[in-house]
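J.: Before anything else, here's the structure in question.
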Amino acid sequence: MDRRRLEERVMKGLMILSTLLVVGSSVCILLTIFLKGVSAIDLNMLIQTPKGGYYLGKEGGILNAILGSLVLGVGATFLAFLVSVPITFYLNLYLRRASRFSYILRFLFDVLYGMPAIVYGAFGFTLMVFWGLKASLLAGMITIAFLIIPIMARATDEVLKMIPFELPEASLAMGTTRWETARGVIFKQALPGILTAVLLAFGRAIGDGAAVLLTAGFTDSNPSSLFKPVATLPLAIFFQLATPFPEVQRRGYAAAFILTVLILMVSLISRILSWKFTQNVVR
Amino acid sequence: MNDRHWKDLIARRLMLISGSFLLILGLLMIFMMYQRSKPILALTPLKDLLFSLSWHPTKGQFGLAGFIAGTLWVTVIAMIIAVPLSILTAIYLAEYAAKPLRGLLKPFIDLLAGISPVIYGVWGIIAIVPLVRDYFMPFLTNHLKFFPFVSENYTGFSALTAGIVLAIMIFPVLISVMEEVLHAVPFGIRESSLALGATQWQTIKGAVFKKAWPGIIAAIILGLSRAFGETMAVLMVAGCSLGQIPKSIFDAAYPLPALIATTYGEMMSIPLYDAAVLAAAFILLMITILFNMAGWGILLRMERNQI
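In structure tokens, the structure reads:
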């Protein structure tokens, strides 16, 4: 065997090895969380709020955090939807593909997409102080909405870019306005993709801990008002693991299991929905 | 103008407003954070803020050097682990892997990108902390008694632990960007190289890489900025003890994002404390903006040149 073939073999071996390492470590994460979580979970965790001394190992559950995360996630996703979907329609329908403004906006999506969550958290915090708000559900929602706008916008933009250009052209040639084309043709065509984008953003919204730490606070009661602090799952996990009591830490593992299952379910639902809705789509 | 055109015009204006909103949001972020960190910048020279080690909020001393060093340690370790592995994996996925395998692995990698940072932190505590404490550290401190391996910290919560967890967290970004870049290289190049008798690896090394290297660099920059700003997972496993610069991969590190996250409760009670913490956030913001602009800029340029 000559040197070239040897090199080929060695490099290919290394590649397979590193792929196995990457995939293996990821599978290991999911397995660890599932195994640890399943052994620690019980029904009380899902249907009770923390009683006094929960973080010292006493009775209770994390219903407050589960509900809090869902409410916060839905609110933030809704706010983000109101901003990001119109932008992407504007980009793809009203602006020319090579126009400077569309170029700047797409670049902005990318840059904002790469901002760390903690920076959004700190920004949300300064806005909060500016408006005189306290750490609350509303502040958390707004901050998380900022965080997921670029995620949703980028995903929706990808979907709209894929739409064959004959489709809007055919519609416009019939004498419709652009808005009618957007609403009646493009939106229907892009719906499965938009749903996927929304659910992707929702999954990110319930998974984030750094931004809500600074803006949404934490509480032991269920979410009740926009202006009160709200508990979220990632923070519940974080606080439970930060205690020195093994009993509480075990419940932290169970909470981590719940969060992972939630996120996996959201991703699964988005796949199913997008598959179901593709029936109305022209290819 | 009739009703329909009015509707069109209104919709158009509303869409433009939401577009401008995003632009304003970006600028507002920079402006507000700068505004809030101004008090500390006025009192402490930037040099002291960046290079002083003494962090005593009650005495009015705010030196960020320890935290910056912590961030650098953790990020460098993560990059050393993640970059070679993800380059090799991306090449395998783009050039060698059969289509069904790629169809299986790509959604899986995307899925990982969506998992909460806190989950990675939990996994770090369960799996990596004991691994570092019981295996890596005793072995390396006993056999390699020099610079980056000697430490007194026996807890397992260390820069290395955080680096390993971070490396795994940035795999998805690195691999998906690199894979896309490799895929965009025109097929003719590979075919001409193979036709001249080069092996597949020689083709990748000599021809594909010539085209793809700026994209690979861009992916690395983006991964770096992701690692730089990651908060919760690092906070959970890095140890975070005050007043020291880590001198070993087994020392505890206290990175900048973790500082911002841990001080949110007390930050309003001590004068200038909030300004100092927000100055840290401002530094983080500017660095990640720069990195992201560089990374995405390179990728955009490549995309443009290909058309």
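Sequences listed follow chains A and B, in order.
Under the working numbering, the first residue of the first sequence is numbered 271, with each subsequent residue one higher.
Under the working numbering, the first residue of the second sequence is numbered 1125, with each subsequent residue one higher.
All C-beta atoms in this analysis are idealised placements derived from N, C-alpha and C, irrespective of residue type, glycine included.
Cα separation between B:F1295 and A:T447?
T.: For B:F1295 and A:T447, the distance between alpha carbons rounds to 45 Å.
J.: What residues in its chain sit with their C-beta under 7 Å from that of A:A346, if we drop five residues either side in the sequence?
T.: Excluding positions up to five away in sequence, the list reads M411, I414, A415, I418, A475.
J.: Is any beta-carbon of chain B found at less than 8 Å from that of A:V518?
T.: By this cut-off, A:V518 is not an interface position.
J.: Which bits of chain B does A:D490 rub up against, with CB to CB less than 8 Å?
T.: The contacting residues do not exist; A:D490 stays about 16 Å from chain B at best.
J.: First and last residue of the alpha helix (DSSP H) that includes B:M1157?
T.: 1127-1167 is the extent of the alpha helix (DSSP H) around B:M1157.
J.: Is B:A1251 helix, strand or coil by DSSP?
T.: Note: B:A1251 maps to helix in three-state DSSP.
J.: Which residue marks the beginning of the alpha helix (DSSP H) containing A:G554, and which one marks its end?
T.: Examination of residue 554 of chain A is not possible in this model, given that chain A is present from 271 through 553 alone.
J.: Using a C-beta to C-beta distance shorter than 7 Å, which residues of chain B count as neighbours of A:P356?
T.: Result: L1138, M1139, S1142.
J.: By Cβ distance below 7 Å, which residues in the same chain neighbour B:S1161 in space, the five residues on each side in sequence not counted?
T.: Same-chain partners within the cutoff: A1399, L1402, A1403, F1406.
J.: Below 7 Å on C-beta distance, what does B:I1413 contact in chain A?
T.: The contacting residues are V381.
J.: Residues in the same chain with beta-carbon distance under 7 Å from A:Y364, minus the five sequence neighbours each way, listed in chain order, please.
T.: R448.
J.: Taking buried to mean at least 16 other C-beta atoms within 10 Å of its own C-beta, is B:V1309 buried or exposed?
T.: It counts as buried.
J.: What's the gap between the Cα of B:T1279 and the Cα of B:A1376?
T.: Going from the Cα of B:T1279 to the Cα of B:A1376 covers about 9 Å.
J.: So the alpha helix (DSSP H) B:S1178 belongs to, where does it begin and stop?
T.: Per DSSP, B:S1178 belongs to no alpha helix (DSSP H) and is neither H nor E.
J.: Whose C-alpha, out of B:K1230, B:D1132, B:M1261, is nearest the C-alpha of B:I1373?
T.: Closest option to B:I1373, Cα to Cα, is B:M1261.
J.: Would you say A:K498 and A:S406 are within 8 Å of each other, going by their C-beta atoms?
T.: Against a cut-off of 8 Å, the Cβ pair of A:S406 and A:K498 comes out as a contact.
J.: Considering just the uninterrupted stretch of the alpha helix (DSSP H) at B:I1205, what are its terminal residues?
T.: That run of the alpha helix (DSSP H) goes 1189-1215.
J.: Judging by CA-CA distance, which residue of B:I1384, B:L1196, B:G1143 is the nearest neighbour of A:A481?
T.: The residue with the shortest Cα to Cα distance from A:A481 is B:I1384.
J.: Which residue comes first and which comes last in the alpha helix (DSSP H) that contains A:E436?
T.: Taken as a continuous stretch (DSSP letters only), the alpha helix (DSSP H) holding A:E436 covers 436-443.
J.: Kindly indicate the opening and closing residues of the alpha helix (DSSP H) around B:K1230.
T.: From DSSP, the alpha helix (DSSP H) with B:K1230 extends over 1223-1237.
J.: Quick check on B:Q1368: does DSSP put it in helix, strand or coil?
T.: The answer is coil: DSSP assigns B:Q1368 none of H, G, I, E or B.
J.: When you compare the CB of A:I286 with every CB in chain B, is at least one pair closer than 8 Å?
T.: Cβ-Cβ to chain B under 8 Å: yes for A:I286.
J.: Name, please, each residue of chain A whose Cβ falls closer than 9 Å to the Cβ of B:R1128.
T.: Those within 9 Å of B:R1128 in chain A are T446, T447, W449, E450.
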